[in-house]
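Heads up, the sequence shown is in this note's numbering, so the first residue is 737 and it goes up one at a time. Quick reminder that beta carbons are idealized off the backbone N, C-alpha and C, glycines included.
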Amino acid sequence: MSLLVKGGTVIGPTGAQPADVLVEGEKIVALLDPSYPQTVQADEVIDAAGKYVIPGGIDAHTHMELPFGGTAASDTFDTGTRAAAWGGTTTIIDFAVQRTGEVVQDGLAAWHAKAEGNCHIDYAFHMILGGVDDDALKAMDQLVTDEGITSFKLFMAYPGVFYSDDGQILRAMQTARENGAMIMMHAENGIAIDVLVQQALARGETDPIYHGITRPAALEAEATSRAITLAEVAQDCPLYIVHLSASGALEAVAKARNDGRNVFAETCPQYLYLTLEDQLGAPGFEGAKYVCSTPLRSKHEQHAKDLWKGLRSNDLAIVSTDHCPFCFKDQKELGVGDFSKIPNGIGGVEHRVDLVYQGVVDGQLSLERWVETISTTPARMFGLYPRKGIIAPGSDADLVIYDPNGSTRIGVDTHHMNMDYSAYEGVEIAGRVGTVISRGQVIVADGNYHGRKGRGQYLKRGLSSYLV
Ligand SMILES: [Zn+2]
737 MSLLVKGGTV
747 IGPTGAQPAD
757 VLVEGEKIVA
767 LLDPSYPQTV
777 QADEVIDAAG
787 KYVIPGGIDA
797 HTHMELPFGG
807 TAASDTFDTG
817 TRAAAWGGTT
827 TIIDFAVQRT
837 GEVVQDGLAA
847 WHAKAEGNCH
857 IDYAFHMILG
867 GVDDDALKAM
877 DQLVTDEGIT
887 SFKLFMAYPG
897 VFYSDDGQIL
907 RAMQTARENG
917 AMIMMHAENG
927 IAIDVLVQQA
937 LARGETDPIY
947 HGITRPAALE
957 AEATSRAITL
967 AEVAQDCPLY
977 IVHLSASGAL
987 EAVAKARNDG
997 RNVFAETCPQ
1007 YLYLTLEDQL
1017 GAPGFEGAKY
1027 VCSTPLRSKH
1037 EQHAKDLWKG
1047 LRSNDLAIVS
1057 TDHCPFCFKD
1067 QKELGVGDFS
1077 KIPNGIGGVE
1087 HRVDLVYQGV
1097 VDGQLSLERW
1107 VETISTTPAR
1117 MFGLYPRKGI
1127 IAPGSDADLV
1137 IYDPNGSTRI
1147 GVDTHHMNMD
1157 YSAYEGVEIA
1167 GRVGTVISRG
1177 QVIVADGNYH
1187 GRKGRGQYLK
1197 RGLSSYLV
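Below is the structure:
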């Protein structure tokens, strides 16, 4: 089965060019110059005239079915990967979880059991380590060698749940330095935050906005700096800061990068578009819809402006979603009268490609940088390149035909995520995901869905391409 995507403009990290993309089976086999007389015959031809052809999106941070705060994220691997496909994402990297006291490999097996046979698009795993000890350190080596899991997430927040102390972090970093893995860090000072939370509740400050007020930007900057220092002590262990939201944290990352360190970071659409005052501070309990950690930041400070700048300068390498959806009814409502009981997370896996494209329309990013931050860099960062993240012969035929003359209105009535609200309700994007192709198969076209549950494959990953 061959497929020719004809007449479009192919966008890659190094530029845009008119090219026809020839697909044979699951792979891209050629990029053809449309001005050269063509004799190629294909079983199916897709007209991409006037459209952009980009590599399928890679969302490097999702939490399908994550148990949290007495409930679980509302998207399953089935519903969540289907929604991702609708939005032009053809690969996710989800977080398998080792809970404190659990064997790492058991946590991984549980995650495979949730995902296997249920995914609409390809998927890989990072591993959350909730209890760094001798066995967990040995497991890190085994996962890198045998399981294709080359990144491990630690938490400086959530004492008693996922929290690692500095000694545990240092030991995991030393192990990663040896085996080549990446340490991913949730960088917030959770010990100090828990004190602020208790003090706020004692004063009767129970509304959702206090979730943000008790997690100040300074405590993200402090934890980010501390993580960077610990990684330095671990002989420059590769470090990736997840969901970076604050200017001070970005400054710490930028400084480390200027010093030539193996320090990387991502941000998420919610920090580029939503704020502490307008969303988390919405009247009544509405703000619960926007409770996530790290929290939304104040619009009276420079955070969002700095994050866009960081994306341009590559101090922020990637835009991921931290997709962790909870319904308002019965889930977010667990925190009525006590913001600390609101499940933490925002769903957005369906909207990342569009929301970052809006940055191109708004003059924040170039087209090439759009493709880099949503696809090429995640592939390189997490050992999926060149199978994923690029339109080139030999790569998987994961393609999105994007219409810059279309438009998208985001809302709960039209989205496909298993959520009863949208964090981006009413947002208009000046572009539209048209056709989505995953390993040579058209899964979305003309507003119709042609994918199916179970077609997504587990991807074993290699080491990051960014390390020497
Ligand atoms: Zn997360």
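Alpha carbon to alpha carbon, how far is residue j from residue i? Give it in angstroms, no decimals.
i     : j     : result
K1189 : L937  : 44 Å
L1047 : R993  : 14 Å
G1218 : M909  : With the chain covering 737 to 1204 only, the question about residue 1218 has no answer from this structure.
N854  : G903  : 38 Å
Y1138 : A1166 : 11 Å
P1079 : A912  : 31 Å
G1125 : T1112 : 4 Å
E956  : Y1160 : 25 Å
L1195 : D795  : 14 Å
V999  : C973  : 9 Å
Q934  : I927  : 11 Å
G1095 : E987  : 21 Å
Q1006 : T960  : 19 Å
Q777  : K787  : 21 Å
M1072 : E914  : A quick correction: the sequence has Val, not Met, at residue 1072. Distance between the alpha carbons of V1072 and E914: 46 Å.
F1064 : L1008 : 22 Å
L1119 : L739  : Here residue 1119 is Gly; the residue named in the question, Leu, does not match the sequence. When rounded, the distance between both Cα atoms is 27 Å.
V765  : L844  : 35 Å
M876  : T1109 : 27 Å
D769  : A752  : 13 Å
If you run the structure through DSSP and keep just helix, strand and coil, what is residue i?
i     : result
F861  : strand
D814  : helix
D902  : helix
V765  : strand
G748  : strand
L1120 : coil
R1145 : strand
F1075 : helix
S983  : helix
L1032 : coil
S1131 : coil
By the DSSP assignment, the beta strand (DSSP E) with residue i in it spans what residues?
i     : result
K1189 : K1189 -> no beta strand (DSSP E), and no H or E assigned at all.
H797  : 793-798
T1113 : Not the beta strand (DSSP E): T1113 falls in the alpha helix (DSSP H), residues 1113-1117.
A1181 : 1177-1181
M918  : 918-922
Q1100 : Run containing Q1100: none; DSSP gives neither H nor E here.
E760  : 756-760
K874  : Looking at the DSSP string, K874 is not in any beta strand (DSSP E); the run it does join, the alpha helix (DSSP H), is 870-878.
Measuring CA to CA, which of the options is closest to residue i?
i     : options                   : result
G1142 : I1127, V1163, R1168       : R1168
P754  : E760, G748, K763, G744    : G744
D814  : A851, E838, A808          : A851
P791  : V746, D756, A785          : V746
I857  : R1175, L966, D1182, V757  : R1175
P1061 : G916, E762, T798          : T798
P749  : A808, L1032, A1128, H1036 : A1128
L1091 : Q1015, K1025, T1057       : T1057
Q841  : S981, I1082, K874         : K874
A954  : E762, P1031, C1004        : P1031
L906  : A1133, P773, A970, K991   : A970
R951  : G751, M876, I977, S1076   : S1076
V1163 : N1154, S887, D1149        : D1149
H1039 : G1147, T1011, V1136       : T1011
Please classify residue i as buried or exposed, where buried requires at least 16 other C-beta atoms within 10 Å of its C-beta.
i     : result
K1041 : exposed
D779  : exposed
Y1053 : The residue asked about is misnamed: residue 1053 is Ala in this sequence, not Tyr. Buried is the call here.
G1170 : buried
D901  : exposed
M737  : exposed
H1151 : buried
N925  : buried
R1088 : buried
L802  : buried
Quick check on residue i - is its C-beta less than 7 Å from some C-beta in chain C?
i     : result
L1012 : No chain C is present in this structure, which holds just one protein chain.
So residue i is in the alpha helix (DSSP H); what residue range does that whole segment cover?
i     : result
S1049 : 1039-1049
A1210 : The question about residue 1210 has no answer here: the residues shown for the chain are numbered 737 through 1204.
G1170 : No alpha helix (DSSP H) holds G1170; the beta strand (DSSP E) holding it covers 1168-1174.
Y772  : That residue, Y772, is in no alpha helix (DSSP H); it is neither H nor E in DSSP.
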